[in-house]
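Numbering (the numbering used here), first residue to last: 351 to 810. Heads up, the beta-carbon is just placed ideally off N, CA and C, and yes, glycines get one too.
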Amino acid sequence: MDVPTFAEPWRVKSIEPIRLISREERSRALTAAGHNMFRIASEDVFVDLLTDSGTAAMSAAQWSGVMEGDESYAGARNWFHLERAVREVTGFDHVIPTHQGRGAETVYTRAFVEPGDLVPGNLHFDTTRAHIRNRGARPVDLVVREGLDPEDLSPFKGNVDVETADRFIHDHRDHVRLFILTVTSNTNGGQPVSLANAHAVSELCRRHGIRLLIDAARFAENCFLIREREPGQEGRPLADIARELFSLADAAAMSAKKDALVNIGGFLALRHRADLDACRPWAVLYEGFTTYGGMSGRDLEAVARGLREGLDDTYLAARIRQVRFLHGLLLDDGIPVVRPPGGHSVVIDAARFLEHLPRTAFPAESLASALYEEGGIRTAALGGLAFSEADPATGEVVTAPWEYTRLAIPRRVYTDNHMAYVADVLRRLYDKRGSIGGLGLVEAPPELPHFTATFEPLDG
Ligand SMILES: Cc1ncc(COP(=O)(O)O)c(C=O)c1O
Numbered sequence: 351m352d353v354p355t356f357a358e359p360w361r362v363k364s365i366e367p368i369r370l371i372s373r374e375e376r377s378r379a380l381t382a383a384g385h386n387m388f389r390i391a392s393e394d395v396f397v398d399l400l401t402d403s404g405t406a407a408m409s410a411a412q413w414s415g416v417m418e419g420d421e422s423y424a425g426a427r428n429w430f431h432l433e434r435a436v437r438e439v440t441g442f443d444h445v446i447p448t449h450q451g452r453g454a455e456t457v458y459t460r461a462f463v464e465p466g467d468l469v470p471g472n473l474h475f476d477t478t479r480a481h482i483r484n485r486g487a488r489p490v491d492l493v494v495r496e497g498l499d500p501e502d503l504s505p506f507k508g509n510v511d512v513e514t515a516d517r518f519i520h521d522h523r524d525h526v527r528l529f530i531l532t533v534t535s536n537t538n539g540g541q542p543v544s545l546a547n548a549h550a551v552s553e554l555c556r557r558h559g560i561r562l563l564i565d566a567a568r569f570a571e572n573c574f575l576i577r578e579r580e581p582g583q584e585g586r587p588l589a590d591i592a593r594e595l596f597s598l599a600d601a602a603a604m605s606a607k608k609d610a611l612v613n614i615g616g617f618l619a620l621r622h623r624a625d626l627d628a629c630r631p632w633a634v635l636y637e638g639f640t641t642y643g644g645m646s647g648r649d650l651e652a653v654a655r656g657l658r659e660g661l662d663d664t665y666l667a668a669r670i671r672q673v674r675f676l677h678g679l680l681l682d683d684g685i686p687v688v689r690p691p692g693g694h695s696v697v698i699d700a701a702r703f704l705e706h707l708p709r710t711a712f713p714a715e716s717l718a719s720a721l722y723e724e725g726g727i728r729t730a731a732l733g734g735l736a737f738s739e740a741d742p743a744t745g746e747v748v749t750a751p752w753e754y755t756r757l758a759i760p761r762r763v764y765t766d767n768h769m770a771y772v773a774d775v776l777r778r779l780y781d782k783r784g785s786i787g788g789l790g791l792v793e794a795p796p797e798l799p800h801f802t803a804t805f806e807p808l809d810g
């Protein structure tokens with residue numbers, strides 16, 4: 351296969367200016383935002399690595415599809431295009447459009463999760479955890495041990511620990527009815543799940559009679575990494591790998607804002623007619639009619655086209671190469687990053703970067719703030735605050751073991767020069783890391799606290 355790994359397989363057609371405001375303005379913006387990156391205005395950001403979600407540059411083909419949007423309430427032609435694309439890519443017969451990944455989570459947790467349930471998965475992401483808890487159930491992470499070790503170089507750090515999962519389901523059989531396999535695993539930096547592991551999880555779910563749902567937000571990147579890293583998968587068409595992956599599950603939930611290269615959209619895809627019947631009423635209630643699901647006709651068309659584009663070999667090769675380029679620059683400078691690089695982001699181990707700060711001083715948030723102040727770079731703090739939850743039995747707050755600051759790379763948006771700039775700023779910060787102060791929490795809501803929490807610098 352002739353896959354150029356050295357240059358992007360596109361040229362720029364339209365640009366959007368970005369501006370680095372002064373350090374003084376950045377400091378003011380930071381204070382006004384309560385040191386929370388979600389509260390900063392995007393016009394005050396120079397390089398925005400807050401998320402890879404909904405931030406892609408769409409192709410000319412997608413934009414031309416936007417002009418073909420059929421804005422009828424029901425049965426718009428773009429809906430049929432989307433349904434066809436989802437069937438083709440996933441092999442599932444039944445498709446429910448949703449406004450984004452969270453919409454799919456609302457619908458499937460309503461239909462498939464009951465109060466008191468335990469919902470195992472490899473490593474649930476924040477909104478998935480919140481949706482599970484919102485149903486009075488509990489998310490349970492069963493990722494392999496190496497998945498939580500930032501230094502471990504295993505190729506599939508998103509895999510499920512199948513033996514532990516087997517025991518867990520066996521011990522809690524009456525409370526487990528759904529297993530969620532997230533590909534790639536966002537929480538630890540886009541680490542992939544191998545096809546062999548997905549087969550084992552599928553077999554386990556069948557044996558125990560529980561539903562397997564794939565959170566497919568980054569399925570294309572996962573398939574690319576399978577082809578590259580899994581013995582026996584070399585040279586296989588990505589569409590084939592994707593079909594095999596989906597064939598192992600009963601359903602898939604998709605935030606199209608990632609691997610379908612759109613700014614808004616999502617869907618739920620289902621194998622069984624009975625599951626469609628269980629989900630459809632909730633979709634109508636929360637998302638809108640079943641042929642638009644919170645999207646306009648033009649959005650549906652952009653998703654239909656982006657879903658196929660997202661599996662393109664040359665695009666994925668260039669994207670993953672860029673993530674590795676940034677990862678390599680940071681590694682060369684001795685900056686503690688999660689290894690190996692995953693699909694969509696470079697993750698800094700903020701606890702090690704700022705080892706003089708205790709966890710109570712929010713290292714992940716403190717590093718994100720320092721990066722913004724130093725270079726106008728916006729990142730996401732995914733540490734103890736984002737992944738802490740109260741034990742339903744004791745009420746005790748359990749904090750995740752990691753303190754990560756994630757640099758998520760938007761698709762087809764930035765050049766390698768932007769990546770080099772980010773690395774330069776990080777190098778400067780690393781050289782003076784001892785002078786970076788911690789943060790104290792001012793206020794935070796109990797659920798999904800990291801989106802809206804505010805902080806202030808700790809004295810000294
Ligand atoms: C793995 C995963 N699942 C679900 C979601 C939720 O998708 P959305 O942001 O489109 O609601 C995200 C978002 O980042 C995600 O990374």
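Cβ-Cβ separation, residue j to residue i (assumed contact under 8 Å), whole Å
i, j, result
"L779", "L680", "Not a contact, Cβ separation roughly 11 Å."
"I446", "G643", "6 Å"
"L721", "T710", "The Cβ separation is near 21 Å, so there is no contact."
"A714", "T749", "Their Cβ separation, rounded to whole angstroms, is 12 Å, which puts A714 and T749 out of contact at 8 Å."
"A463", "Y636", "A small fix is needed here, since residue 463 is Val in this sequence, not Ala. Contact flag wrong, Cβ pair sits at about 14 Å."
"G540", "G692", "3 Å"
"L661", "M408", "Contact flag wrong, Cβ pair sits at about 16 Å."
"L598", "H549", "6 Å"
"R577", "E584", "7 Å"
"L380", "S719", "6 Å"
"S605", "A570", "At roughly 13 Å, the Cβ-Cβ gap does not stay under 8 Å, so S605 and A570 are not in contact."
"G790", "F805", "6 Å"
"R702", "P686", "4 Å"
"A633", "T640", "6 Å"
Contact test: residue i Cβ vs ligand 1 heavy atom, cutoff 7 Å
i, result
"S695", "no"
"Q541", "no"
"F462", "no"
"N536", "yes"
"K363", "no"
"G451", "yes"
"A567", "yes"
"T532", "yes"
"T477", "yes"
"K607", "yes"
"G471", "no"
"G616", "yes"
"S403", "yes"
Test item: CB-CB of residue i and residue j under 8 Å
i, j, result
"G787", "P807", "yes"
"H481", "A619", "no"
"L595", "I560", "no"
"A758", "T401", "yes"
"V362", "V772", "no"
"S544", "E580", "yes"
"D516", "L468", "no"
"N613", "G384", "no"
"F430", "A602", "no"
"G466", "A435", "no"
"T534", "F475", "no"
"D511", "R523", "no"
"G638", "S422", "no"
"A700", "L717", "yes"
"P470", "F518", "yes"
"G425", "R655", "no"
"N337", "L531", "Within the shown structure, residues of the chain are numbered from 351 to 810, placing residue 337 beyond reach of any answer."
"N428", "E651", "yes"
"M387", "A731", "yes"
"D625", "D600", "yes"
"P542", "L575", "yes"
"L588", "W752", "no"
"V696", "L676", "yes"
Cβ of residue i within 8 Å of any chain D Cβ
i, result
"T532", "The displayed structure is made up of one protein chain only, and chain D is not part of it."
* **Any alpha helix (DSSP H) of 4 or more consecutive residues that is wholly inside the stretch 462 to 502** => 476 to 484
* **3-residue-minimum beta strand (DSSP E) runs that sit fully inside the stretch 594 to 647, ordered along the chain** => 601 to 605, 616 to 620
* To do: Starting from the N-terminal side, write out each stretch of the beta strand (DSSP E) that is 3 residues or longer and does not extend beyond the stretch 665 to 689.
  => none
* Unbroken alpha helix (DSSP H) runs of length 4 or more, entirely within the stretch 690 to 733: which are they? -> 700 to 703, 713 to 725
* Can we say the stretch 738 to 748 touches the stretch 654 to 670, given the rule of at least three CB pairs closer than 8 Å? -> no
* Asked: At which residue ranges does the stretch 380 to 419 contain complete alpha helix (DSSP H) runs of 4 or more residues, listed in the order of the chain?
  -> 410 to 416
* Asked: Counting pairs of beta carbons, one from the stretch 448 to 459 and one from the stretch 603 to 617, are three or more of them closer than 8 Å?
  -> yes
* Segments assigned beta strand (DSSP E), at least 3 residues, entirely inside the stretch 536 to 585 -> 561 to 565
* To do: Identify every run of the beta strand (DSSP E) within the stretch 750 to 797, keeping only runs that are complete inside it and at least 3 residues long; order them along the chain.
  => 754 to 758, 789 to 793
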